[in-house]
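If you're matching positions, the sequence shown starts at 0 in numbering that gives the first Met the number 0 and goes up one per residue. Ideal placement from N, C-alpha and C gives every residue a C-beta, glycine not left out. Notes follow once the structure below has been shown.
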Amino acid sequence: MDSIDRAILTALQRDSRMSMAELGERVGLSSSACHRRVLQLQKAGVIEGYAARLSPKMLGLDLHFIVDVSLVSQAEEDLESFERAARDNSSVLECYLMAGRADYSLRVSARDTSHYEEVHRQIAHMPGVTQIESKLILRGVKKWMGYKV
Numbered sequence: 000m001d002s003i004d005r006a007i008l009t010a011l012q013r014d015s016r017m018s019m020a021e022l023g024e025r026v027g028l029s030s031s032a033c034h035r036r037v038l039q040l041q042k043a044g045v046i047e048g049y050a051a052r053l054s055p056k057m058l059g060l061d062l063h064f065i066v067d068v069s070l071v072s073q074a075e076e077d078l079e080s081f082e083r084a085a086r087d088n089s090s091v092l093e094c095y096l097m098a099g100r101a102d103y104s105l106r107v108s109a110r111d112t113s114h115y116e117e118v119h120r121q122i123a124h125m126p127g128v129t130q131i132e133s134k135l136i137l138r139g140v141k142k143w144m145g146y147k148v
């Protein structure tokens, strides 16, 4: 990966909707040369996909939590069962296997406290769950906007 690839990645992280002509202009390449590089970065797995960032507030999701979950064991089948249940729950936005006190940390959004109570019950009934600690996010201080490349 050279400096032009890094410039392409930086620009795409800021605005992945720009045309190849605009992207090429920003990084000093023709549209077709830029397009070839983007395709190479996709094929190499550096670019995994493209997505729109939505406003949770505009979607009616006003409460956000980090939920730490401990399981009865870390046997492979228990981890796989929990992970499958977490992936299947639409309120679980992210799920991370952790080192430390909790086995998993989840990022969860809910419309209101009643909705979160329902989500909490769903998490409690996931396979192998023995303990849940919910932490309400009061305010986002820094949002991830891309990797430094």
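Would you mind working out which of the options sits nearest residue i, comparing C-alpha positions?
| i | options | result |
| --- | --- | --- |
| glutamine 73 | Leu22, Met0, Ala109 and Ala98 | Ala98 |
| glutamine 130 | Ser108, Ser104, Ala32 and Asp4 | Ser104 |
| methionine 19 | Gln12, Leu8, Ser31 and Arg13 | Ser31 |
| serine 15 | Glu82, Asp111 and Gln41 | Gln41 |
| leucine 137 | Asn88, Phe81 and Leu62 | Leu62 |
| methionine 57 | Gly145, Ala109, Glu21 and Gly27 | Ala109 |
| arginine 35 | Glu132, Lys147, Ser54 and Ile3 | Ile3 |
| serine 133 | Gly127, Gly139, Ile122 and Lys142 | Ile122 |
| histidine 114 | Leu22, Phe81, Gly59 and Gly127 | Gly59 |
| glycine 139 | Ala51, Leu28, Asp1 and Pro55 | Pro55 |
| threonine 112 | Arg86, Arg100 and Leu135 | Leu135 |
| arginine 52 | Leu78, Lys142, Cys33 and Asp77 | Lys142 |
Could you please give the first and the last residue of the uninterrupted beta strand (DSSP E) stretch that includes residue i?
| i | result |
| --- | --- |
| leucine 135 | 128 to 135 |
Kindly indicate the opening and closing residues of the alpha helix (DSSP H) around residue i.
| i | result |
| --- | --- |
| serine 163 | As displayed, the chain neither begins before 0 nor continues past 148, which places residue 163 out of reach and without an answer. |
| valine 26 | 19 to 26 |
| aspartate 4 | 2 to 13 |
inquiry  = Suppose only complete runs of 3+ residues qualify. What are the beta strand (DSSP E) ranges in the region 46 to 112, listed by chain order?
reply    = 62 to 70, 91 to 96 and 103 to 109
Is the number of C-beta pairs between the region 100 to 115 and the region 57 to 71 that are closer than 8 Å three or more? yes
Is it true that the region 3 to 13 meets the region 40 to 48, where meeting means three or more beta-carbon pairs spaced less than 8 Å apart?
yes
- Task: Decide if the region 82 to 102 is in contact with the region 112 to 125; the criterion is three or more beta carbon pairs, one per stretch, under 8 Å apart.
- Result: yes
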